[in-house]
Amino acid sequence: MKAIRIKLSQETANYRMPTSFDLRQTYPLPPYSTVIGMVHSLCNFKEYKPMKVSVQGKYFSKTNDMFTRYQFKPGAKFEEGRHQLATSQGYGINVGPAQTELLVNVHLILHIIPEDQTLVDEIAAAFKYPNEYPSLGRREDLANIEDVQAVEIEEHELTDADETVHDEEAAKGLAAYLPISMIIDRADPDLYIEGASASYTGTVFKLPKKYELVKVGGGRSAHYIRQWTEMEQVVYTSQFEADPEKKYLFDGTHMIFPV
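Residue numbering for the sequence shown follows the numbering used here, starting at 2 and increasing by one per position.
Okay, structure coming up:
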């Protein structure tokens with residue numbers, strides 16, 4: 002099985018949590034849907050291509066950035082005292098300040114495993130020679146692609162070399178999204194969180210992966226919304242240990258956790 006390993010960096014990024022509004026909070030690493038969206042955009046895919054994704058990385062700090070927010074309701078007429086702007090058609094727009102939470106100095110290691118393995122070379126080429134500037138998160142969150150490699154994914158037990166690489170990656174402070182099924186749901190887990198006093202420690206997220214556009218309403222109020230069809234429960238952590246008697250997926254140098 003082959004995958005595309007992508008190493009990239011970003012000066013700032015916001016991987017927006019869908020339930021945050023006044024302060025647009027960010028996930029600590031990009032969710033699977035955001036990575037899959039970048040792949041489809043750079044490859045100019047016109048239909049969904051199933052794939053598995055492994056996300057690892059780190060950031061230096063967080064900060065907040067101010068922006069001007071424009072809000073409107075379709076069909077709402079301008080009302081003095083309620084709206085700050087009016088369109089040429091007489092509709093009202095609310096204008097006000099808001100904040101975006103930003104990750105600073107982001108470094109990511111992504112692994113893309115397309116279900117159709119014939120797409121490996123096409124995806125790798127799209128990242129090596131993008132037809133426009135790549136972004137991950139918001140449109141303005143530019144992604145500096147540092148390395149792109151097609152790698153072979155193999156499953157085997159930990160070796161001394163693997164443990165050395167794992168220790169080096171841990172020393173770099175790399176975190177990852179770990180499928181929660183690898184840590185709990187079984188009496189004999191695959192991974193152990195260091196220093197855990199319970200089944201696991203870390204931040205649990207239910208990350209979006211795949212959605213469908215669903216039409217709601219009718220007439221002039223008709224519009225489309227995202228309906229998520231695949232959600233993945235993960236633990237975000239940087240401190241974990243692997244059972245040397247279990248088998249894991251490796252790309253030759255990195256242990257990966259595709260979902």
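Built from N, CA and C at the ideal position, the CB exists for glycine as well.
Secondary structure of residue i, DSSP reduced to three states
i	result
E123	helix
G220	helix
Q266	For residue 266 there is no data in the structure shown, the boundaries of the chain being 2 and 260.
S10	strand
F128	helix
M2	coil
S1	Only positions 2 to 260 of the chain appear in this structure, which leaves residue 1 out of reach.
I184	coil
Given residue i as reference, the closest of the options once Cα atoms are compared
i	options	result
T27	R6, T64, K78	T64
E141	F68, E158, A176, L111	F68
L109	H41, S42, T13	T13
D117	R25, P32, M52, N132	M52
V236	I257, M183, E213	M183
K47	G203, I37, V215, T160	I37
E246	P259, M256, T160	T160
S136	T119, T35, K216	T35
H157	G253, N15, R17, L30	G253
Y49	K210, T204, K248	K210
P19	I226, F241, M39, A176	I226
Straight-line gap, residue i to residue j (C-alpha atoms, nearest Å)
i	j	result
G218	H224	7 Å
F79	S222	17 Å
A127	R83	47 Å
T238	P180	11 Å
L208	Y60	19 Å
Y134	T101	22 Å
A77	I94	9 Å
M9	V215	Looking at the sequence itself, residue 9 is Leu, so the reference to Met does not match. Going from the Cα of L9 to the Cα of V215 covers about 33 Å.
Unbroken beta strand (DSSP E) run spanning residue i, endpoints
i	result
S42	No beta strand (DSSP E) contains S42, which is instead part of the alpha helix (DSSP H) from 33-44.
V149	145-153
Q100	93-115
R70	62-72
V56	52-59
K248	248-251
Test: residue i CB closer than 8 Å to a CB of chain C
i	result
M52	Reference to chain C is not applicable here, since this structure consists of a single protein chain.
Check your understanding: Are at least three pairs of beta-carbons, each pair with one atom in the segment 144-152 and one in the segment 228-247, less than 8 Å apart?
Key -> Taking 8 Å as the limit for Cβ pairs, the verdict is that the segment 228-247 does not touch the segment 144-152.
Review point. Given 8 Å as the limit, is there contact between the segment 88-101 and the segment 58-78, that is, 3 or more CB pairs closer than that?
Key: yes
Check your understanding: Per the contact definition of three or more C-beta pairs closer than 8 Å, is the segment 2-11 in contact with the segment 112-124?
Key -> yes
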